[in-house]
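To start, the structure itself, in C-alpha cells.
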Amino acid sequence: MTPMPKMTPLSGALRAAPKLVCMPIVMSVLMSFRIAPITRTLPQNLTALRQFSTSLKSNMKPVQLYTAGTPNGQKVSIMLEEIKALNPSFTYETHAIDMSKNEQKEEWFLKMNPNGRIPTLLDPNNTATESEGFPVMESLAIMLYLEKLYDDQHAFSWPDSDPKAQNYRSQVLQWSIWLQSGLGPMQGQANHFRMQATGDSKNVVPYGLKRYHDETVRLYEVLERGLEGRDYLVGDGKGKYSLADMITFPWALWYRFAGIRNDEVGPNVKAWIERIKQRPAVQKGLAVPKPSELLKNLEDPNWMPPMPEL
Numbered sequence: 053m054t055p056m057p058k059m060t061p062l063s064g065a066l067r068a069a070p071k072l073v074c075m076p077i078v079m080s081v082l083m084s085f086r087i088a089p090i091t092r093t094l095p096q097n098l099t100a101l102r103q104f105s106t107s108l109k110s111n112m113k114p115v116q117l118y119t120a121g122t123p124n125g126q127k128v129s130i131m132l133e134e135i136k137a138l139n140p141s142f143t144y145e146t147h148a149i150d151m152s153k154n155e156q157k158e159e160w161f162l163k164m165n166p167n168g169r170i171p172t173l174l175d176p177n178n179t180a181t182e183s184e185g186f187p188v189m190e191s192l193a194i195m196l197y198l199e200k201l202y203d204d205q206h207a208f209s210w211p212d213s214d215p216k217a218q219n220y221r222s223q224v225l226q227w228s229i230w231l232q233s234g235l236g237p238m239q240g241q242a243n244h245f246r247m248q249a250t251g252d253s254k255n256v257v258p259y260g261l262k263r264y265h266d267e268t269v270r271l272y273e274v275l276e277r278g279l280e281g282r283d284y285l286v287g288d289g290k291g292k293y294s295l296a297d298m299i300t301f302p303w304a305l306w307y308r309f310a311g312i313r314n315d316e317v318g319p320n321v322k323a324w325i326e327r328i329k330q331r332p333a334v335q336k337g338l339a340v341p342k343p344s345e346l347l348k349n350l351e352d353p354n355w356m357p358p359m360p361e362l
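Counting in the numbering used here, the final residue of the sequence shown is number 362, and the numbers go up one at a time with none missing.
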C-alpha cells in the first residue's frame with residue numbers, strides 16, 4: 053500500500069479550512085510559504101539560464117534554407133538576414149532550387165516538404181522531433197517559427213510585458229493572412245494570365261486577365277488605407293517594422309510584373325516600398341539565392357512587362 057503523504061502544518065490548515073474560504077486568500081497563503089526558497093535560489097537560476105543561452109548561441113548550427121528568387125522565397129531570406137544582422141552567431145546556408153527542373157518535386161525534397169514547394173527551412177538546432185533538424189514548410193509558418201525562436205530581442209515583435217502585445221500580434225497575423233490568402237494568390241494569378249497571354253502560346257483569357265488584375269488593384273487599395281499616416285503596418289504611432297511588413301513587402305515590390313501600373317498603386321504603398329527597400333538586410337535578402345535579373349527592370353520607373361492586347 054502506498055504510504056499517505058506526511059501532513060504539514062499548511063496542508064492540515066487547508067484541509068480544516070471551511071469550504072467557503074476564498075481562493076485568493078488560499079493562494080496568498082501558499083505564496084507566503086513558497087516565495088522565500090524561490091527568492092533565495094533566483095540569482096543562481098538566472099546565472100545558469102544565461103550560461104545556457106550563451107552556450108546555445110555559441111554552438112548554433114547554420115539554418116538550412118531551400119529557396120528560389122520569388123516573393124515567397126524572398127520574404128524568408130529577408131527575415132533570416134534581419135536576424136543575422138542582430139545576432140552575429142546566427143547563420144544560414146542557402147540551397148538554390150531549380151524549379152524549371154522540378155527539383156522541389158524530387159523525393160529528397162518531399163521528405164522535408166510533402167507539398168513540394170519553396171521555401172522550406174531545416175533547423176538543425178531543433179532536434180526535439182527529428183534527429184537531423186526540424187523541417188518547416190510554408191513561408192508564413194517559417195517566419196512565425198523564426199520569430200518565436202530567434203527574435204529573442206523582440207526587434208520585430210512585442211514582449212509579453214507590453215500591454216498591447218496581444219493586439220499587435222493579432223494585427224501582424226491579420227495582415228499576414230491577408231497577404232497569404234489575398235494579395236499573394238491574386239497577384240500571382242494576374243501575373244500568370246498576363247504571361248499566358250504574352251508568351252509563345254498567346255493564350256489570351258480576357259475574363260481571367262480582368263478578374264485578377266482588378267482584384268489585385270483592389271487589394272492594393274486596402275494596403276494603401278492600412279498605411280495611411282504610418283511608416284509600417286503595425287505598432288504605436290507610425291508603426292514598428294515587423295513580420296507583417298517583411299511578409300508583404302516582396303509581393304508589393306513585384307506589382308508591375310503582374311501588369312499593375314504605377315498609377316494603380318497609391319503613394320502610401322510606394323513610400324513604404326522605398327522605405328523598406330533601403331534596409332541593408334532587405335537588400336541582401338532580395339539577392340538570395342542570387343541577384344535577380346528580373347528585379348533590375350524595376351530600376352527604370354517607367355518599365356512595364358509585355359502586356360496583352362485586349
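The C-beta atom is built at its ideal place from N, Cα and C for all residues, glycine as well.
- Check the Cα spacing between residue 276 and each of 302, 306, 307 and 317: the tightest is with 317.
- Counting along the chain, the unbroken alpha helix (DSSP H) around residue 161 starts and ends at 159-162.
- Per the C-alpha coordinates, the member of 171, 205 and 200 positioned closest to residue 189 is 171.
- For residue 188, the beta-bridge partners assigned by DSSP are 173.
- If the five residues before and after residue 147 are omitted, its C-beta is found closer than 6 angstroms to the C-beta atoms of 118, all from its own chain and listed in chain order.
- Under the three-state reduction of DSSP, residue 120 is assigned to coil, being neither helix nor strand.
- In this structure the segment 335-344 does not touch the segment 155-165; the number of beta carbon pairs closer than 8 angstroms is below three.
- In this structure residue 268 is in contact with residue 239, their Cβ atoms being roughly 5 angstroms apart against a cut-off of 8 angstroms.
- Take the alpha-carbon of residue 137 and the one of residue 253: they are about 45 angstroms apart.
- Shown here for residue 333: same chain residues with a beta carbon closer than 7 angstroms to its own, the five before and five after excluded, namely 130, 133, 134 and 137 in chain order.
- For secondary structure counted as the beta strand (DSSP E) over 3 or more consecutive residues, the segment 270-326 holds no complete run.
- Taking a contact as a CB-CB distance under 8 angstroms, the pair residue 303 and residue 123 counts as one, their CB atoms being some 5 angstroms apart.
- DSSP links residue 250 through a beta bridge to no other residue.
- Sorting 113, 145 and 140 by C-alpha distance to the C-alpha of residue 342 places 145 at the top.
- Shown here, residue 148 sits in a strand according to DSSP, grouped into three states.
- Here the alpha carbons of residue 357 and residue 351 stand approximately 13 angstroms from one another.
- DSSP places residue 256 outside both helix and strand once states are collapsed to three, so it counts as coil.
- Following the DSSP letters along the chain, one finds residue 338 inside the alpha helix (DSSP H) bounded by residues 332-338.
- For a cut-off of 8 angstroms, the C-beta gap from residue 195 to residue 298 is around 7 angstroms, short enough to register as a contact.
- Counted as a single uninterrupted DSSP element, the alpha helix (DSSP H) harbouring residue 217 occupies residues 217-230.
- Between residue 264 and residue 241, the CB-CB gap stays under 9 angstroms.
- The beta carbons of residue 220 and residue 286 sit closer together than 9 angstroms.
- Nearest to residue 191 by alpha-carbon distance, out of 305, 312 and 173, is 173.
- In this model, residue 208 and residue 218 are separated by some 14 angstroms (Cα to Cα).
- Closest in C-alpha terms to residue 305, from the list 113, 344, 160 and 198, comes 344.
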